[in-house]
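Okay, so here's the structure we're looking at.
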């Protein structure tokens, strides 16, 4: 475990118990009526789910950046999460959502397709600009298809349901979502972990990596599988929560030796921390209705992306 | 282990870029692959490294086709230095060199230290890649290959972006690797460097072998005239020749 992992694990240990108490109603375990019930059935699953999703998105972002050799890569921004959402919406629309497993399965398939499309379009030699453009195009295609599905939706009620869900939130999530997402994200993290040494080799480019014994096809499948599972599962239970995969690796990288393999575990921990804290913040902020988590993170993430662009400007032009 | 290409043909997309390429480089020697732009030098080198599947013919390591080897055992025997000096993340020199141990899946501290010291990188070990000069970066990237302790080092124009002093310095490093019994195969643009520093030279023209032999024979003036369409003349003495046009 490296230094960055220890730091974020410690912060997470601190934030987790606090997150259980934080909310519109602050819980004092001794005073609040039904405190145990609220903690066990509402706050605990919500906090756990935030951490599961955050861990998956953080690690997915770190791995994607390593694979694409592009510090701007993010599963949300580059179309993976939007493709997962498209898959999920398609399953709504086709009426399969009645079955509990159809929606997550459709979301995973969408995410896998998104990652495969990105790898195919931009190829293995694509530069930062090509990957970024391809990612943004996949994202806007998925967004347009999702919008089409919504406008064609048979009734207004279903429509507003979809729109609310797309914005990404952890409101009213229960243990069911935790049990659904946790194993999928865990397997995804495992696959990304298996890919990590090969991602290090990619630091020197595709050809150098292959000359060092990296099997490009195996690596691609590990990435597609790992990202589909982590991102697909998180979209399936919480909608699109963007920018976690972009922000987190940047915060973690300066604390490590900067190789992708050193980034994956601390990015998972830092992602868990970021989503947990952000979800507490949207619960506490005094708005009439709760600010959607996905919107809140985009409000932080978009300026962050711009700041990165400005910082990288010299290198890109 | 002997590395050998026999009648190798390579394709990029539908285009045949190398045809009838045969080479049996020797350990302890520097073999230079020369040729005009687009002659297929880089493809031939990649084919020799096992990075392009042959369309026909074969590359063998100790008699076994490269394609039949596990990629990691191939990687332990053959180190490949691509032309691109692009380093995606701002890693330190020491971590960059350590990447060379990936084919071995170990830390290989001794080999890494030996590579760092062989290329005079001790003082730069903690310096991030972004703060290296062209010459320092070229040395660090070669050290990465050396850290894998390969028997064969295949380098694609390792001298391209370097000034004269750094070219000679890197060539000296390659020569000491050859003296340590590695086989070196490099793509070289500069014919004078090939003439003065290689033990064997191969000239490629449109994917086919135009000449192969000791550089004094392979890089004769009439070969240069035919392949490069340049009428040039060698002056000076063996080991210190210059090409004038």
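Protein chains in written order, with my numbering: chain C, 21 to 337; chain W, 115 to 359. C-beta atoms are modelled at their ideal positions from N, C-alpha and C, and glycine is treated no differently. Every value quoted in this text rests on a predicted model; they were computed, and no experiment measured them.
> Would you call the CB atoms of residue 35(C) and residue 250(C) closer than 7 Å?
Replying inline: Cβ distance not < 7 Å, so residue 35(C) and residue 250(C) don't count as in contact.
> Mind pulling the chain W residues with CB within less than 9 Å of residue 222(C)?
Replying inline: Chain W residues near residue 222(C): 202.
> Does the beta-carbon of residue 209(W) have 16 or more other beta-carbons within 10 angstroms, so that it is buried, or is it exposed?
Replying inline: With 16 or more other Cβ atoms from the protein chains shown falling within 10 Å of its own Cβ, residue 209(W) counts as buried.
>> Please report whether the beta-carbon of residue 232(C) lies at a distance below 7 Å from any beta-carbon of chain W.
In response: Judged by the 7 Å Cβ criterion, residue 232(C) is in contact with chain W.
>> Let me make sure I understand the geometry here. Which of 28(C), 278(C), 195(C) has the alpha-carbon closest to that of residue 86(C)?
In response: Answer by Cα proximity: 278(C).
> By how many angstroms is the C-alpha of residue 91(C) removed from the C-alpha of residue 337(C)?
Replying inline: Reliability fails at residue 337(C), whose pLDDT of 45 lies under 50, so the model's placement of it is uncertain and no value is given.
>> The alpha helix (DSSP H) that contains residue 209(W), what's its start and end?
In response: Where residue 209(W) is concerned, the enclosing alpha helix (DSSP H) stretches over 207-212.
> Taking Cβ-Cβ distances below 7 Å as the criterion, which residues of the region 64-98 of chain C are in contact with chain W?
Replying inline: From the region 64-98 of chain C, only 89 have a Cβ closer than 7 Å to chain W.
> Between the region 179-196 of chain W and the region 185-202 of chain C, do at least 3 Cβ pairs fall closer than 8 Å?
Replying inline: Look at the beta carbons and you see the region 179-196 of chain W not touching the region 185-202 of chain C: under three pairs across the two are nearer than 8 Å.
>> Please return the same chain residues whose Cβ sits closer than 6 Å to the Cβ of residue 170(C), not counting the five positions on each side in sequence.
In response: Excluding sequence neighbours, residue 170(C) sits near 179, 182.
>> Just checking: is the beta-carbon of residue 337(C) within a distance shorter than 7 Å of some beta-carbon in chain W?
In response: The predicted position of residue 337(C) is uncertain, since its pLDDT is 45 and thus under 50; no value can be drawn from it.
> What three-state label does DSSP hand residue 203(W) in the structure shown?
Replying inline: Residue 203(W): coil per DSSP, three-state reduction.
> residue 274(C) to residue 295(C), Cα distance in whole Å?
Replying inline: The alpha-carbon atoms of residue 274(C) and residue 295(C) are separated by roughly 20 Å.
>> According to DSSP, simplified to helix, strand and coil, what is residue 125(W)?
In response: Reduced to three states, the DSSP call for residue 125(W) is strand.
> Comparing the C-beta of residue 163(W) with each C-beta of chain C, is any distance below 7 Å?
Replying inline: Interface residue, yes.
> Do residue 217(W) and residue 239(W) come within 7 Å of each other at the CB atom, strictly closer than that value?
Replying inline: At the C-beta level, residue 239(W) and residue 217(W) stay beyond 7 Å of one another.
> Below 8 Å, can you find three or more Cβ-Cβ pairs linking the region 262-274 of chain W to the region 294-301 of chain W?
Replying inline: These segments touch.
>> So for residue 179(W), helix, strand or coil by DSSP?
In response: DSSP places residue 179(W) in strand when its eight states are reduced to three.
> Using a beta-carbon distance below 7 Å, is residue 205(W) in contact with chain C?
Replying inline: It does: the Cβ of residue 205(W) has a partner Cβ on chain C nearer than 7 Å.
>> With distance defined between alpha-carbon atoms, name the residue in 88(C), 103(C), 99(C) nearest to residue 220(C).
In response: Looking at the Cα atoms, 88(C) is the closest of the given residues.
> For the region 252-263 of chain C against the region 311-329 of chain C, are there 3 or more C-beta pairs whose distance is under 8 Å?
Replying inline: In the pairwise beta carbon analysis, the region 252-263 of chain C is classified as touching the region 311-329 of chain C: at least three pairs are separated by under 8 Å.
>> Quick check on residue 134(W): buried or exposed, where buried means 16 or more other Cβ atoms within 10 Å of its Cβ?
In response: Classification of residue 134(W): exposed, given that the 10 Å Cβ count is below 16.
>> Just to confirm the assignment, what range does the alpha helix (DSSP H) spanning residue 87(C) have?
In response: Where residue 87(C) is concerned, the enclosing alpha helix (DSSP H) stretches over 64-88.
>> Going by DSSP in three states, residue 135(W) sits in which element: helix, strand or coil?
In response: Of the three classes helix, strand and coil, the one that applies to residue 135(W) here is strand, per DSSP.
> Is there a Cβ from chain W that is less than 7 Å from the Cβ of residue 225(C)?
Replying inline: For residue 225(C), the nearest beta carbon of chain W is closer than 7 Å to its own beta carbon.
>> Suppose you measure from the CA of residue 238(C) to the CA of residue 305(C); what does that come to, to the nearest Å?
In response: Cα to Cα, residue 238(C) sits roughly 45 Å from residue 305(C).
>> I need the boundaries of the beta strand (DSSP E) containing residue 145(W), first residue and last residue.
In response: Unbroken beta strand (DSSP E) run through residue 145(W): 144-148.
>> So for residue 234(W), helix, strand or coil by DSSP?
In response: Residue state, collapsed to three classes: coil.
> In this structure, what does DSSP give as the bridge partners for residue 323(W)?
Replying inline: Within the DSSP bridge table, the entry for residue 323(W) names 318(W) as partners.
>> Let me see if you follow: with CB-CB separation under 7 Å, is residue 228(C) close to chain W or not?
In response: Contacts with chain W at 7 Å (Cβ-Cβ) include residue 228(C).
> Just the Cα atoms here: how many angstroms apart are residue 342(W) and residue 149(W)?
Replying inline: Each residue's alpha carbon lies about 8 Å from the other.
> Taking C-alpha atoms, which residue in 225(C), 28(C), 46(C), 24(C) lies nearest to residue 300(C)?
Replying inline: Looking at 225(C), 28(C), 46(C), 24(C), the one whose alpha-carbon comes closest to that of residue 300(C) is 46(C).
>> Give me the DSSP bridge partner(s) of residue 266(W).
In response: 192(W), 297(W), per the DSSP bridge assignment.
>> Can you pull out the residues from the region 146-162 of chain W whose beta carbon lies closer than 8 Å to at least one beta carbon of chain C?
In response: Within the region 146-162 of chain W, the qualifying residues are 160.
>> I need the DSSP call for residue 320(C), collapsed to helix, strand or coil.
In response: Three-state DSSP puts residue 320(C) in a helix.
> In terms of residues, what are the limits of the beta strand (DSSP E) holding residue 357(W)?
Replying inline: Residue 357(W) -> beta strand (DSSP E) spans 354-358.
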